[in-house]
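Written out below as structure tokens is the structure these notes cover.
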Amino acid sequence: MILFEHGPGGVPALFDGAREVIVARRADQVRAALARADRARAAGAWVAGYVAYEAGYALEPRLARLMPARRPAPLVLLGVFDGPVDAGALLARAAEEAGAARLSRLRRGISRAAYGAAMARVMGYIAAGDCYQINLTFPLSARLEGGTALGLYGALRARQAVGYGVFCDLGAGPVVMSRSPELFFRVEGGVISARPMKGTAPRDADPARDAALAAELFASEKARAENLMIVDLLRNDIARISEVGSVKVPELYAVEPFATVHQMSSTVTGRLVAGADLAGLMAALFPCGSITGAPKIRAMEIIREVEGRARGVYCGAMGWMAPSGDAVWNVAIRTLSLFPGGRVVLNVGGGVVQDSTADGEWEEALWKARYAEGLATSG
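All residue numbers for the sequence shown refer to full-length UniProt numbering, where the first residue is 1 and numbers rise by one.
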């Protein structure tokens, strides 16, 4: 089953009882899996699931050599369904089971010194002109010490409301819980919209201080520069599958409050060319530029070199697509993977630009883990 809080009509929706499950575990299966999903849609089915970050290496021939041998999840996992049903009962069950959910203390997968060394390498590439921005991330891990996977999702949901939450258990790979605030793309009536998110500030319990932090973020030249770089990248990506002259940027630098952070977002829209399907959308857009940097291909090469490990579903995309072509897909940030035996992995990171500092980026990344920290109650 797979639950979306951004279902058709903007309400939660559950996809259950898959007719079939499409899985791509190898690079040479990725395009075929997406094409198979489109054939199912053409026959009247809905598809829902995820595309892992590393699928981007399979979709871009220049990056094929970067595919890591060890990966924590399938490259593509999509269920084929008759259609969505009401998610109310499952959400109620998640809320009931939330109280028992407990994580062990979050453990960082990189030391502060090692992160500083990674930052130095990235800053060297920026200074040399290889790139303008790199999204540098690192993993944290814990164990599920109490409760169920669904209860853990319910507990995370209670801590932070977001627009693009997903609970995915399709029977292959880890159980994935996404509390993403970021829209990758929405398709409605042939119009595509993307809402890249770049720029972060912490929340504060004092209303006056909190408002000041939001105002500082809105005025931040660094945040605006990060955001605009990705807006330009998304404009170019969307133009590849849109009618000439239809790509617009109706909103720039909007600051939105979430439970633990403020985020800066912008909106890019376009009218899709006739026949645009899931395979075509992913080939043009995936992965989202907000979690790579710019220019995208060089950024992905640098990320592979510096991070040195697969991201998995994190920084991929989770979503659904209807027979009509309407769709909503998130950027899979604020996303946990629960593996057999109870191991939980989540990742955090942020956009590194010319005036970034290792201390500032480290602090920002750890802000982004706050959504899960409240459940980490034991050593």
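A virtual CB, placed ideally from N, CA and C, is assigned to each residue, including glycine.
Values in this document were obtained by computation on a predicted structure and should not be read as measured data.
Alpha carbon to alpha carbon, what distance is there between residue j and residue i?
i      : j      : result
Glu188 : Val247 : 15 angstroms
Ile192 : Phe185 : 7 angstroms
Gly379 : Thr335 : In this prediction, Gly379 has a pLDDT of 43, which is less than 50 and means its spatial position is unreliable; what the coordinates show is noted afterwards. Cα to Cα, Gly379 sits roughly 22 angstroms from Thr335.
Gly350 : Asn330 : 17 angstroms
Met116 : Trp362 : A small correction: the amino acid at residue 116 is Gly; Met does not occupy that position in the sequence shown. Their Cα atoms are separated by approximately 9 angstroms.
Val244 : Gly270 : 9 angstroms
Val21  : Phe4   : 17 angstroms
Ala33  : Gln133 : 31 angstroms
Gly147 : Arg105 : 16 angstroms
Ala201 : Arg19  : 43 angstroms
Gly56  : Leu63  : 8 angstroms
Ala205 : Ala215 : 15 angstroms
Leu140 : Leu375 : 14 angstroms
Pro68  : Ala45  : 33 angstroms
Arg93  : Gly165 : 16 angstroms
Ser178 : Tyr125 : 31 angstroms
Residue j and residue i - do their beta-carbons sit closer together than 8 angstroms?
i      : j      : result
Arg159 : Tyr314 : no
Phe258 : Leu59  : no
Arg107 : Ala155 : no
Leu170 : Ile2   : yes
Met321 : Arg41  : yes
Val268 : Ile303 : no
Val255 : Lys368 : no
Val344 : Leu150 : no
Val348 : Ala327 : no
Phe167 : Phe81  : no
Leu136 : Met119 : yes
Ala198 : Asp355 : Correcting the residue type first, residue 198 is Lys in the shown sequence and not Ala. It is not a contact, given that the beta carbons lie outside the stated cut-off.
Asp38  : Asp277 : yes
Arg203 : Glu182 : no
Ala128 : Ala279 : no
Glu54  : Arg71  : yes
Val76  : Val47  : no
Pro8   : Pro61  : no
Would DSSP call residue i helix, strand or coil?
i      : result
Asp130 : coil
Asp86  : strand
Gln354 : coil
Met321 : strand
Glu60  : coil
Met264 : strand
Lys198 : strand
Gly99  : helix
Pro8   : helix
Gly379 : Note that Gly379 has pLDDT 43, beneath the 50 cutoff, so the model's placement of it is unreliable and the number below is only indicative. It is coil, neither helix nor strand.
Pro68  : coil
Tyr53  : coil
Ala332 : coil
Val247 : coil
Ala142 : strand
Ala369 : coil
Gly154 : helix
Leu34  : helix
Ala42  : helix
Ala113 : helix
Leu91  : helix
Gly374 : coil
Ala73  : coil
Ala48  : strand
Gly360 : helix
Gly341 : coil
What does DSSP give as the partner residues of residue i in its beta bridges?
i      : result
Gly165 : Arg179
Tyr253 : DSSP output for Tyr253 lists no bridge partner at all.
Ile22  : Leu78
Arg107 : Ser141
Ala13  : Phe4, Asp86
Worksheet item: Where in the region 274-326 do unbroken runs of the beta strand (DSSP E), each at least 3 residues long, occur, reported from the N-terminal end onward?
Response: The region 274-326 contains, as complete beta strand (DSSP E) runs of 3+ residues, the segments 317-321 (chain order).
Worksheet item: What residue ranges within the region 182-245 form continuous beta strand (DSSP E) runs of no fewer than 3 residues, ordered along the chain?
Response: Taking only runs of at least 3 residues, the beta strand (DSSP E) segments lying wholly in the region 182-245 are 183-188, 191-194, 197-202.
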